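To start, the structure itself, in structure tokens.
There are 2 protein chains.
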Amino acid sequence: MRLISTYPNCSAPSAPSEIPASGGYPGRFRRDPFTPGKDLLVINPIWLIQIYKNVTLVRYMADDVGILVLGHGSTKPYNKEMVEKCAKMIGDLHEGPVRIAFLNMDEPNIAAGLESFSGTGVKRIVALPIFLAHGVHTLEDIPTELSVDPTHRRGKCQLNGTEVEIRCAEPLGVDESIAALAYRRASEALK
Amino acid sequence: MRLISTYPNCSAPSAPSEIPASGGYPGRFRRDPFTPGKDLLVINPIWLIQIYKNVTLVRYMADDVGILVLGHGSTKPYNKEMVEKCAKMIGDLHEGPVRIAFLNMDEPNIAAGLESFSGTGVKRIVALPIFLAHGVHTLEDIPTELSVDPTHRRGKCQLNGTEVEIRCAEPLGVDESIAALAYRRASEALK
Numbered sequence: 001m002r003l004i005s006t007y008p009n010c011s012a013p014s015a016p017s018e019i020p021a022s023g024g025y026p027g028r029f030r031r032d033p034f035t036p037g038k039d040l041l042v043i044n045p046i047w048l049i050q051i052y053k054n055v056t057l058v059r060y061m062a063d064d065v066g067i068l069v070l071g072h073g074s075t076k077p078y079n080k081e082m083v084e085k086c087a088k089m090i091g092d093l094h095e096g097p098v099r100i101a102f103l104n105m106d107e108p109n110i111a112a113g114l115e116s117f118s119g120t121g122v123k124r125i126v127a128l129p130i131f132l133a134h135g136v137h138t139l140e141d142i143p144t145e146l147s148v149d150p151t152h153r154r155g156k157c158q159l160n161g162t163e164v165e166i167r168c169a170e171p172l173g174v175d176e177s178i179a180a181l182a183y184r185r186a187s188e189a190l191k
Numbered sequence: 001m002r003l004i005s006t007y008p009n010c011s012a013p014s015a016p017s018e019i020p021a022s023g024g025y026p027g028r029f030r031r032d033p034f035t036p037g038k039d040l041l042v043i044n045p046i047w048l049i050q051i052y053k054n055v056t057l058v059r060y061m062a063d064d065v066g067i068l069v070l071g072h073g074s075t076k077p078y079n080k081e082m083v084e085k086c087a088k089m090i091g092d093l094h095e096g097p098v099r100i101a102f103l104n105m106d107e108p109n110i111a112a113g114l115e116s117f118s119g120t121g122v123k124r125i126v127a128l129p130i131f132l133a134h135g136v137h138t139l140e141d142i143p144t145e146l147s148v149d150p151t152h153r154r155g156k157c158q159l160n161g162t163e164v165e166i167r168c169a170e171p172l173g174v175d176e177s178i179a180a181l182a183y184r185r186a187s188e189a190l191k
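Chains as they are written, first to last, in UniProt numbering: chain A, 1 to 191; chain B, 1 to 191.
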């Protein structure tokens with residue numbers, strides 16, 4: 001099996017070294033015209049789009065920005081575990097401080113999560129909900145608990161006697177990466 | 001600004017043509033040693049890992065597999081919209097039929113969602129929850145509504161007088177792509 005990318009010069013990390021530059025459909029096996037009886041596997045170009053999107057955003061995230069990763073909370077341990085691990089991965093991407101908080105059940109709550117940035121010297125805090133879609137939690141509960149205007153989704157708080165700006169990020173929402181991860185989970189269920 | 005990938009020969013779609021093969025931290029600006037005063041932006045290698053993961057899974061997803069994309073449902077329209085758009089993207093990746101269903105509030109319900117595969121000739125259906133983490137819904141409610149054994153997460157149903165296998169996929173869970181998408185949302189909130 002050989003790999004084809006719809007963009008030239010891109011290959012998976014362990015791909016064979018021979019990568020013909022050619023068009024193709026995303027995520028499909030195709031008959032290899034050069035090697036009878038062999039299949040080609042065409043790489044899904046959405047991952048290349050994802051690289052591009054991420055490359056364009058890094059400039060906004062300075063080390064004086066704190067990220068407050070917000071989970072729903074649950075009586076079962078799964079939500080908290082997922083949010084904690086996600087926050088750790090976000091911490092690997094971000095130079096500033098990353099903290100977590102939960103709306104319900106799990107600790108710390110949002111007020112304690114904000115307070116946990118004390119002493120870090122952050123000038124801005126982004127409240128980042130690990131929620132799939134907007135709903136009452138993201139539109140009303142989170143802004144209310146952060147004392148943030150729910151329309152403009154921006155506000156201020158005091159930390160160590162200094163004014164810190166708060167901004168509410170959007171939920172994960174519609175994105176190719178969610179669809180592709182879900183599709184991967186479907187594939188794993190068939191193994 | 002130039003782009004560096006930690007894997008040689010990989011670039012974003014619109015990247016400059018000159019891509020030096022070099023190591024680096026994910027998602028960081030670094031001083032360009034070749035061009036004084038210019039920054040390098042190091043591409044996050046998790047996107048290349050994502051490409052690799054997706055390349056390895058496609059073989060399991062034949063056109064006789066149906067995917068039932070499951071949403072939580074809500075009194076507000078956001079969850080249904082998100083699930084519908086995600087299902088459409090999954091349909092772009094998958095050769096077989098893709099349908100949707102919801103646990104609460106929104107239509108169709110899970111029984112109607114299963115029935116909607118009638119006439120498609122699918123031999124297997126993957127129930128794919130668009131949920132972030134396991135909880136009562138994924139561990140109990142979905143298997144119960146599908147009449148699937150909750151431990152092995154596999155079962156059977158009758159469609160057009162033919163036995164069809166059902167498998168329950170895992171929720172999205174912990175994955176670098178969720179963390180990276182969340183980080184992108186944080187960055188967008190600062191623009």
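Each residue gets a CB set at the ideal place from its N, CA and C atoms; glycine is no exception.
Because the structure is a prediction, the values reported are computed rather than measured.
Using a cut-off of 7 Å between C-beta atoms, extract the partners of residue 85 (chain B) located in chain A.
Taking the first residue of the second sequence as position 1, residue 85 (chain B) is located at position 85. Those within 7 Å of residue 85 (chain B) in chain A are 174.
At 4 residues or longer, and completely inside the stretch 77-124 of chain B: list those alpha helix (DSSP H) runs for me, N to C.
78-93, 110-115
Measuring alpha carbon to alpha carbon, tell me which of A:92, A:78, A:62, A:72 ends up nearest residue 173 (chain B).
Along the second sequence, one-based indexing puts residue 173 (chain B) at 173. Closest by alpha carbon: A:78.
Could one say the Cβ of residue 156 (chain B) lies closer than 7 Å to chain A's Cβ atoms, at least one of them?
The residue labelled residue 156 (chain B) in the question sits at position 156 within the second sequence. For residue 156 (chain B), the answer is no, since every Cβ of chain A falls outside 7 Å of its Cβ.
For the beta strand (DSSP E) holding residue 162 (chain B), just list the boundary residues, first then last.
Along the second sequence, one-based indexing puts residue 162 (chain B) at 162. That run of the beta strand (DSSP E) goes 162-168.
Suppose contacts are defined by Cβ-Cβ distances below 7 Å. Is residue 117 (chain B) in contact with residue 146 (chain B) by that definition?
For the purposes of this step, residue 117 (chain B) is identified with residue 117 of the second sequence, where counting begins at 1. For the purposes of this step, residue 146 (chain B) is identified with residue 146 of the second sequence, where counting begins at 1. Cβ atoms of residue 117 (chain B) and residue 146 (chain B): not closer than 7 Å.
Among B:115, B:104, B:120, B:184, which residue has its Cα nearest to the Cα of residue 64 (chain B)?
Residue numbering aside, residue 64 (chain B) sits at position 64 when the second sequence is read from its first letter. Of the listed residues, the one whose Cα sits closest to residue 64 (chain B) is B:120.
Quick one: any contact between the stretch 69-77 of chain A and the stretch 122-130 of chain A, if contact means 3 or more CB pairs under 8 Å?
yes
Is there a C-beta anywhere in chain B that falls below 7 Å from the one on residue 73 (chain A)?
Indexing the first sequence from 1 puts residue 73 (chain A) at position 73. So no, residue 73 (chain A) is outside the interface.
Taking Cβ-Cβ distances shorter than 8 Å, what residues in chain C pair up with residue 135 (chain B)?
Absent from the structure is chain C; the protein chains it does hold are A and B.
Less than 7 Å between the C-beta atoms of residue 105 (chain B) and residue 135 (chain B), yes or no?
Counting from one through the second sequence, the residue named residue 105 (chain B) turns up at place 105. Counting from one through the second sequence, the residue named residue 135 (chain B) turns up at place 135. Against a cut-off of 7 Å, the Cβ pair of residue 135 (chain B) and residue 105 (chain B) comes out as no contact.
Is there a Cβ of chain B sitting closer than 7 Å to that of residue 105 (chain A), yes or no?
Along the first sequence, read from residue 1 onward, the residue named residue 105 (chain A) stands at position 105. With 7 Å as the cut-off, residue 105 (chain A) does not count as an interface residue toward chain B.
Measure from the C-beta of residue 181 (chain A) to each C-beta in chain B and report whether the shortest distance is under 7 Å.
Taking the first residue of the first sequence as 1, we reach residue 181 (chain A) at position 181. Interface annotation, residue 181 (chain A): in contact with chain B, CB-CB separation under 7 Å.
Alpha carbon to alpha carbon, how far is residue 85 (chain B) from residue 109 (chain A)?
Working through the second sequence from its first residue, we reach residue 85 (chain B) at position 85. Working through the first sequence from its first residue, we reach residue 109 (chain A) at position 109. Approximately 32 Å between the Cα atoms of the pair.
Give every residue of the same chain whose Cβ lies closer than 8 Å to the Cβ of residue 153 (chain B), excluding the five residues on either side of it in the sequence, and list them in chain order.
Translated into positions along the second sequence, residue 153 (chain B) becomes position 153. If we look at residue 153 (chain B) and ignore the five residues flanking it on each side, its Cβ neighbours are 143, 167, 168.
Give me the residue from B:76, B:62, B:88 with the minimum Cα distance to residue 182 (chain A).
Residue numbering aside, residue 182 (chain A) sits at position 182 when the first sequence is read from its first letter. Looking at the Cα atoms, B:88 is the closest of the given residues.
With burial defined as no fewer than 16 other Cβ atoms inside 10 Å of the residue's Cβ, what is the status of residue 80 (chain B): buried or exposed?
In the second sequence, residue 80 (chain B) corresponds to position 80, counting from 1. Burial call: buried.
Taking 7 Å as the cut-off, decide whether the C-beta atoms of residue 137 (chain B) and residue 114 (chain B) are in contact.
On the second sequence, residue 137 (chain B) is found 137 positions in, with the first residue counted as 1. On the second sequence, residue 114 (chain B) is found 114 positions in, with the first residue counted as 1. No, the pair does not count as a contact, with Cβ atoms beyond the cut-off.
On the criterion of 16 or more Cβ atoms from any shown chain inside 10 Å, does residue 161 (chain B) qualify as buried, or is it exposed?
As a position in the second sequence, residue 161 (chain B) is number 161, starting the count at 1. That one is exposed.
Who are the neighbours of residue 128 (chain A) on chain B, taking C-beta pairs under 7 Å?
Against the first sequence, residue 128 (chain A) aligns to sequence position 128. In chain order: 182, 185, 186.
Going along chain A in order, which residues have a C-beta closer than 8 Å to the C-beta of residue 170 (chain B)?
The sequence position of residue 170 (chain B) within the second sequence is 170, counting from 1. Within chain A, the residues near residue 170 (chain B) are 185, 188, 189.
Are the C-beta atoms of residue 99 (chain A) and some chain B residue less than 7 Å apart?
One-based indexing of the first sequence puts residue 99 (chain A) at position 99. Chain B, which has no Cβ nearer than 7 Å to the Cβ of residue 99 (chain A), makes this no.
Mapping the DSSP letters down to three states, classify residue 141 (chain B) as helix, strand or coil.
The sequence position of residue 141 (chain B) within the second sequence is 141, counting from 1. Note: residue 141 (chain B) maps to helix in three-state DSSP.
Unbroken beta strand (DSSP E) run spanning residue 67 (chain A), endpoints
Within the first sequence, numbered from 1, the residue matching residue 67 (chain A) stands at position 67. Where residue 67 (chain A) is concerned, the enclosing beta strand (DSSP E) stretches over 65-71.
State the DSSP-derived secondary structure class of residue 181 (chain A), mapped to helix, strand or coil.
The residue labelled residue 181 (chain A) in the question sits at position 181 within the first sequence. Three-state result, residue 181 (chain A): helix.
Endpoints, the beta strand (DSSP E) within which residue 155 (chain A) is located:
Locating residue 155 (chain A) in the first sequence gives position 155, counting from the first residue. It spans 154-159 - the beta strand (DSSP E) in which residue 155 (chain A) sits, taken as one unbroken run.
Assigned exposure category for residue 101 (chain A) - 16 Cβ within 10 Å defines buried
Mapped onto the first sequence, residue 101 (chain A) falls at position 101. Residue 101 (chain A) should be labelled buried.
So, does the CB of residue 146 (chain A) fall closer than 7 Å to a CB anywhere in chain B?
By one-based count along the first sequence, residue 146 (chain A) stands at place 146. Judged by the 7 Å Cβ criterion, residue 146 (chain A) is not in contact with chain B.
Within 10 Å of its beta-carbon, does residue 112 (chain A) have 16 or more other beta-carbons around it, so buried, or fewer, so exposed?
Within the first sequence, the letter at position 112 stands for residue 112 (chain A). Under this definition residue 112 (chain A) is an exposed residue.
Please confirm whether residue 70 (chain A) has its beta-carbon closer than 7 Å to some beta-carbon of chain B.
In the first sequence, residue 70 (chain A) corresponds to position 70, counting from 1. By this cut-off, residue 70 (chain A) is not an interface position.
For residue 91 (chain A), which of B:76, B:189, B:180, B:188 has the nearest alpha-carbon?
In the first sequence, the residue the question calls residue 91 (chain A) occupies position 91. Nearest option by C-alpha distance: B:180.
So is residue 110 (chain B) in contact with chain A if we call contact Cβ pairs under 7 Å?
As a working mapping, residue 110 (chain B) is identified with position 110 in the second sequence. So, not an interface residue.
Local conformation of residue 186 (chain B) per DSSP, three classes
Within the second sequence, residue 186 (chain B) is the residue found at index 186, counting from 1. In this structure, residue 186 (chain B) counts as helix in the three-state DSSP scheme.
Excluding the 5 residues flanking residue 178 (chain A) on each side, which residues of the same chain have their C-beta closer than 7 Å to its C-beta?
Taking the first residue of the first sequence as position 1, residue 178 (chain A) is located at position 178. Excluding sequence neighbours, residue 178 (chain A) sits near 172.
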